[in-house]
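Here is the structure we will look at, set down as structure tokens.
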Amino acid sequence: MKRRELIKALGLGTLAAGTLAACSQKPEEAKQETKKAETIEWKMVTTWPKNFPGLGTGANNLAKLIEEMSGGRIKVKVYGAKELVGALEIFDAVSRGTAEMGHGAAYYWKGKSRAAQFFAAVPFGLTAQEMNSWLYHGGGMQLWEEVYAPFGLIPAAAGNTGVQMGGWFNKEINSVDDLQGLKMRIPGLGGEVLKRAGGTPVLLPGGEIFPSLQSGAIDATEWVGPYNDLAFGLHKAAKYYYYPGWHEPGTTLESFINKEAFEALPADLQVIVRNACRVANQDMLADFTARNNAALQQLVNEHNVELRKFPDEVLKRLKELSDEVVAEEAEQDELTRKVYDSFRQFRDQAEAYHAISEKAYLEARSL
Numbered sequence: 016m017k018r019r020e021l022i023k024a025l026g027l028g029t030l031a032a033g034t035l036a037a038c039s040q041k042p043e044e045a046k047q048e049t050k051k052a053e054t055i056e057w058k059m060v061t062t063w064p065k066n067f068p069g070l071g072t073g074a075n076n077l078a079k080l081i082e083e084m085s086g087g088r089i090k091v092k093v094y095g096a097k098e099l100v101g102a103l104e105i106f107d108a109v110s111r112g113t114a115e116m117g118h119g120a121a122y123y124w125k126g127k128s129r130a131a132q133f134f135a136a137v138p139f140g141l142t143a144q145e146m147n148s149w150l151y152h153g154g155g156m157q158l159w160e161e162v163y164a165p166f167g168l169i170p171a172a173a174g175n176t177g178v179q180m181g182g183w184f185n186k187e188i189n190s191v192d193d194l195q196g197l198k199m200r201i202p203g204l205g206g207e208v209l210k211r212a213g214g215t216p217v218l219l220p221g222g223e224i225f226p227s228l229q230s231g232a233i234d235a236t237e238w239v240g241p242y243n244d245l246a247f248g249l250h251k252a253a254k255y256y257y258y259p260g261w262h263e264p265g266t267t268l269e270s271f272i273n274k275e276a277f278e279a280l281p282a283d284l285q286v287i288v289r290n291a292c293r294v295a296n297q298d299m300l301a302d303f304t305a306r307n308n309a310a311l312q313q314l315v316n317e318h319n320v321e322l323r324k325f326p327d328e329v330l331k332r333l334k335e336l337s338d339e340v341v342a343e344e345a346e347q348d349e350l351t352r353k354v355y356d357s358f359r360q361f362r363d364q365a366e367a368y369h370a371i372s373e374k375a376y377l378e379a380r381s382l
């Protein structure tokens, strides 16, 4: 009898202790526990066609990473261009909360902020390796957050294509004169450089490029590189494939997140979302590096594409014009100047070191 009474007393004591602990839990701690038990459903809108190789699948990969890393606590549904909103409407959609995340490229938002262009690609600017270094360890990410803050958005690097190709042309480019009057799909600062060289830049989302090139609405287009260009069938609409991609030497793809939705997450999920973006950023670059050469060989050997290098004269002139355009762009407002100064300083430092490291090694390897 005494033993049964003792066990009963112990049980009641444990129950009382648990009740006391629950009652003493701080409201914020209880709130965090409730959040951890919830399944959060987000929408991601993209500028890419649904499931498009490299870019569209990169968005899918990011959504998958977030779900897996969160143990299923966040589920992200991906919408391709025009499924929920238009390709170039995703910035506003996420800003106003129609979707929680977007996946695109920052140079599409020049109309929102001139400074945004520096976080995608700058002509003759940073390579993928240099871009990541500037963003993560050179102050670039803090500046990017400052640029997007007025729109209620939190940006993150979420992919990189590496050095892109120069583009597809329906005529040979033998001199600077051949750029006169050229109608070319080319976004961002690269488009401004082409305009300065006498061409006409045209901004088109990915899904409109092939029909525009095939119909003659444009004379040339850049897109990404062999992997993506083959998937779009651009070799069926143009004969000449030029390199290097002077306009996009290390194009960063972005994910931007609605600030209110992000801040509503518990702290651990905020860390998970940020780090999922970093993993996706690295993985996309590895994917492009692995696939581009095989796709290039297919374009040249099976589809008889004529691979051409831009003449040095053309590249030299484009570099001169790029320096002018980027410097002038930086003078448009104080924030753009702040971003430009940081970008330029980091580029100069990286260039000096890479002259005796990356560049010197690649030259030695080709001897």
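Residue numbers (our numbering): 16 to 382. Backbone N, C-alpha and C define an ideal beta-carbon position, used for all residues, glycine too.
Residue i, buried or exposed, once every other Cβ within 10 Å from all chains shown has been counted against 16
| i | result |
| --- | --- |
| D192 | exposed |
| M16 | Note that M16 scores 44 on pLDDT, short of 50, meaning its location in the model is unreliable; the coordinates nonetheless yield the value given after this. Exposed is the call here. |
| G153 | buried |
| T54 | exposed |
| K186 | exposed |
| A36 | Interpretation of A36 is limited by its pLDDT of 44, a score under 50 that renders its predicted location unreliable; the figure taken from the coordinates is listed afterwards. The residue in question, A36, is exposed, as its Cβ has fewer than 16 Cβ neighbours within 10 Å. |
| S381 | exposed |
| Q132 | buried |
| L322 | exposed |
| A370 | exposed |
| Y94 | buried |
| G196 | exposed |
| G112 | exposed |
| Y355 | buried |
| L194 | buried |
| L249 | buried |
| L333 | buried |
| S128 | buried |
| D234 | buried |
Presumed contact (8 Å Cβ cut-off) between residue i and residue j, rounded CB distance
| i | j | result |
| --- | --- | --- |
| W149 | F361 | 5 Å |
| G84 | I287 | The sequence given here places Met at residue 84; Gly does not occur at that position. Rounded, the Cβ-Cβ distance is 5 Å, consistent with contact. |
| L204 | V137 | 6 Å |
| P64 | A96 | 6 Å |
| A173 | L300 | A173 to L300, Cβ: 11 Å. No contact. |
| G87 | D302 | G87 to D302, Cβ: 25 Å. No contact. |
| Q179 | E263 | 4 Å |
| L228 | T236 | 5 Å |
| P241 | Y122 | About 21 Å separates the two Cβ atoms, so there is no contact after all. |
| K198 | T215 | 5 Å |
| A108 | G117 | 7 Å |
For residue j and residue i, the rounded distance between their alpha carbons
| i | j | result |
| --- | --- | --- |
| A135 | G126 | 14 Å |
| N189 | G231 | 21 Å |
| L158 | F225 | 35 Å |
| T266 | Q347 | 23 Å |
| T110 | N75 | With the sequence shown as reference, residue 110 is identified as Ser, and Thr is not the correct amino acid for it. Approximately 21 Å, taken between the alpha carbons. |
| F166 | T61 | 17 Å |
| A310 | T72 | 17 Å |
| A295 | D283 | 18 Å |
| F184 | F247 | 15 Å |
| N319 | A212 | 30 Å |
| E328 | L280 | 53 Å |
| K429 | E335 | The structure shown does not extend to residue 429, since the chain is modelled only from 16 to 382, so the question has no answer here. |
| E104 | I272 | 14 Å |
| G182 | G260 | 7 Å |
| N66 | V91 | 15 Å |
| A375 | T142 | 16 Å |
| N316 | A367 | 38 Å |
| K331 | A276 | 46 Å |
| Q285 | E349 | 31 Å |
| F358 | G155 | 8 Å |
| K251 | R306 | 20 Å |
| A102 | I89 | 24 Å |
| V100 | G119 | 13 Å |
| S337 | N243 | 26 Å |
| T304 | Q364 | 25 Å |
| A144 | E373 | Note that residue 144 is Gln in the sequence shown here, rather than Ala. When rounded, the distance between both Cα atoms is 10 Å. |
| A379 | N308 | 21 Å |
| V239 | G140 | 16 Å |
| T351 | W57 | 32 Å |
| D298 | S270 | 14 Å |
| K353 | E98 | 37 Å |
Short CB-CB distance (under 8 Å) between residue i and chain D
| i | result |
| --- | --- |
| S230 | Looking for chain D here will not work: only one protein chain is present. |
message: My parser needs the alpha helix (DSSP H) runs of 4 or more residues fully inside the region 76-125; what are they?
response: The DSSP assignment places complete alpha helix (DSSP H) segments of no fewer than 4 residues inside the region 76-125 at 105-110, in order along the chain.
message: With three or more beta-carbon pairs closer than 8 Å as the criterion, would you say the region 203-219 touches the region 246-258?
response: These segments do not touch.
query: Is it a yes or a no for the region 159-179 touching the region 288-296, going by three-plus beta-carbon pairs under 8 Å?
result: Because the criterion of three Cβ pairs below 8 Å is met, the region 159-179 and the region 288-296 touch.
- request: Could you pull out every unbroken beta strand (DSSP E) segment of at least 3 residues lying fully inside the region 198-256, listed in chain order?
  value: Correct list: 198-200 and 215-217.
- request: Examine the Cβ distances between the region 333-349 and the region 207-214 and report whether three or more of them are shorter than 8 Å.
  value: Between the region 333-349 and the region 207-214, the count of C-beta pairs closer than 8 Å reaches three or more; the two stretches touch.
task: Within the region 264-328, note down every full beta strand (DSSP E) run reaching 3 residues or more, in order along the chain.
output: Whole beta strand (DSSP E) segments, 3+ residues: 267-273 and 321-324.
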